Amino acid sequence: MFELMAHFLLPNTPLHEWALDPRDAVALQKRLASRVSQTDDLPETVTLVAGIDVGFEEGGDITRAAIVVMSVPEFSIVEHRIARIPTQMPYVPGLLSFRELPAVLEAISMLERTPDLFMVDGQGIAHPRRMGIATHLGLWLERPTIGVGKSRLCGQHEAVPDHKGGWTELHHRGECIGAVLRTRERVKPLYISPGHRISLETSIKWVMGCLTRYKLPEPTRQADKLASRKPGATVALEPHIL
DNA sequence: GCGACAG
DNA sequence: ATCTTGTCGC
Numbered sequence: 030m031f032e033l034m035a036h037f038l039l040p041n042t043p044l045h046e047w048a049l050d051p052r053d054a055v056a057l058q059k060r061l062a063s064r065v066s067q068t069d070d071l072p073e074t075v076t077l078v079a080g081i082d083v084g085f086e087e088g089g090d091i092t093r094a095a096i097v098v099m100s101v102p103e104f105s106i107v108e109h110r111i112a113r114i115p116t117q118m119p120y121v122p123g124l125l126s127f128r129e130l131p132a133v134l135e136a137i138s139m140l141e142r143t144p145d146l147f148m149v150d151g152q153g154i155a156h157p158r159r160m161g162i163a164t165h166l167g168l169w170l171e172r173p174t175i176g177v178g179k180s181r182l183c184g185q186h187e188a189v190p191d192h193k194g195g196w197t198e199l200h201h202r203g204e205c206i207g208a209v210l211r212t213r214e215r216v217k218p219l220y221i222s223p224g225h226r227i228s229l230e231t232s233i234k235w236v237m238g239c240l241t242r243y244k245l246p247e248p249t250r251q252a253d254k255l256a257s258r259k260p261g262a263t264v265a266l267e268p269h270i271l
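For the first sequence, position 209 (counting from the first letter as 1) is numbered 238 according to the numbering used here, and the numbering increases by one without interruption.
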């Protein structure tokens with residue numbers, strides 16, 4: 030699906046191109062931020078939703094990205110890929126995309142099908158400069174993305190209703206940048222924010238629509254399992270009762 | 001200056 | 001994120 034991407038760097042961008050100096054990375058984020066859209070621009074019918082997660086091996090020397098493409102509303106895995114590349118950047122709060130996207134893009138390039146929507150672990154616009162990893166990926170692909178974070182990067186919010194589906198807005202510097210959503214009763218809420226080409230309302234709708242019996246939406250949960258799995262580990266069966 | 005800080 | 005043992009619960 031390379032030909033469908035609108036790159037800000039070339040398709041085969043060398044890894045070192047992502048290893049920017051923190052100052053340059055921040056400057057790039059500020060420039061890209063103006064291109065982000067929160068206007069819904071999804072296919073009429075969304076059939077394939079991708080979940081993306083990243084893990085590390087070899088004490089952090091190897092970055093492993095996992096992508097799982099699921100059909101909705103069946104939630105059956107259509108395709109899944111794992112990419113491993115040398116880690117190029119250290120973890121710096123606010124610059125996560127520069128560290129993890131190279132591996133994510135490698136995994137996406139291995140795909141045979143083109144997802145209609147991408148759910149990325151981490152923030153979308155709920156970021157100091159509105160450029161979380163989900164947003165950066167959305168801009169790179171020029172496709173709808175949603176940020177699904179397990180914890181907060183920035184912003185403030187009120188108490189989150191205890192029932193499944195309950196949520197409250199996440200604010201930062203006077204603007205609503207996302208929602209803190211209770212995806213499961215008595216379980217720590219998720220930080221949902223638009224990545225690109227999608228609104229907050231629609232983002233919440235899709236996350237809720239992809240929930241089964243767990244805290245994480247199914248595409249993300251499946252990607253999580255793949256990303257955290259060791260190279261040759263065996264897949265465990267699970268009773269599929271909904 | 002001090003504290004916070006996705007994964 | 002990763003390291004790392006046991007433990008509570010369905």
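All C-beta atoms in this analysis are idealised placements derived from N, C-alpha and C, irrespective of residue type, glycine included. From a predicted model like this one, the values you see are computed outputs, not experimental measurements.
Would you call residue i buried or exposed, if buried means 16 or more other Cβ atoms sit within 10 Å of its Cβ?
| i | result |
| --- | --- |
| G238 | exposed |
| K217 | exposed |
| R250 | buried |
| H165 | buried |
| A35 | In this predicted model, A35 has a pLDDT of only 48, less than 50, meaning its place in the structure is not dependable enough to derive any value. |
| T241 | exposed |
| H186 | buried |
| D53 | exposed |
| P72 | exposed |
For residue i, report the span of its beta strand (DSSP E) as first-last.
| i | result |
| --- | --- |
| I96 | I91 to S100 |
| F104 | Element bounds for F104: n/a, residue is neither H nor E. |
| I275 | No statement about residue 275 is possible, as the shown extent of the chain runs from 30 to 271 and does not include it. |
| P223 | L219 to H225 |
| H201 | W196 to H201 |
| T164 | No beta strand (DSSP E) holds T164; the alpha helix (DSSP H) holding it covers I162 to L170. |
| D191 | Taken as a continuous stretch (DSSP letters only), D191 belongs to no beta strand (DSSP E), as it is neither H nor E. |
Since residue i contacts residue j with CB under 8 Å, what's their CB separation in whole angstroms?
| i | j | result |
| --- | --- | --- |
| A155 | G176 | 6 Å |
| S228 | T68 | 7 Å |
Are the beta-carbon atoms belonging to residue i and residue j less than 9 Å from one another?
| i | j | result |
| --- | --- | --- |
| D145 | V65 | no |
| F127 | L49 | yes |
| R142 | E171 | no |
| Q117 | P131 | yes |
| L199 | S222 | yes |
Could you give the DSSP three-state label for residue i: helix, strand or coil?
| i | result |
| --- | --- |
| M118 | coil |
| R113 | strand |
| A155 | coil |
| L140 | coil |
| E129 | helix |
| H36 | Reliability fails at H36, whose pLDDT of 46 lies under 50, so the model's placement of it is uncertain and no value is given. |
| L71 | coil |
| A48 | coil |
Mind checking which residues open and close the alpha helix (DSSP H) that includes residue i?
| i | result |
| --- | --- |
| L124 | Taken as a continuous stretch (DSSP letters only), L124 belongs to no alpha helix (DSSP H), as it is neither H nor E. |
| D53 | P51 to L61 |
| E247 | E247 to S257 |
| G207 | No alpha helix (DSSP H) contains G207, which is instead part of the beta strand (DSSP E) from E204 to L210. |
Following a CB-centred definition, is residue i positioned closer than 8 Å to any heavy atom of the ligand COA?
| i | result |
| --- | --- |
| E108 | In the structure shown, the ligand COA is absent, as is every other ligand, since no ligand is present at all. |
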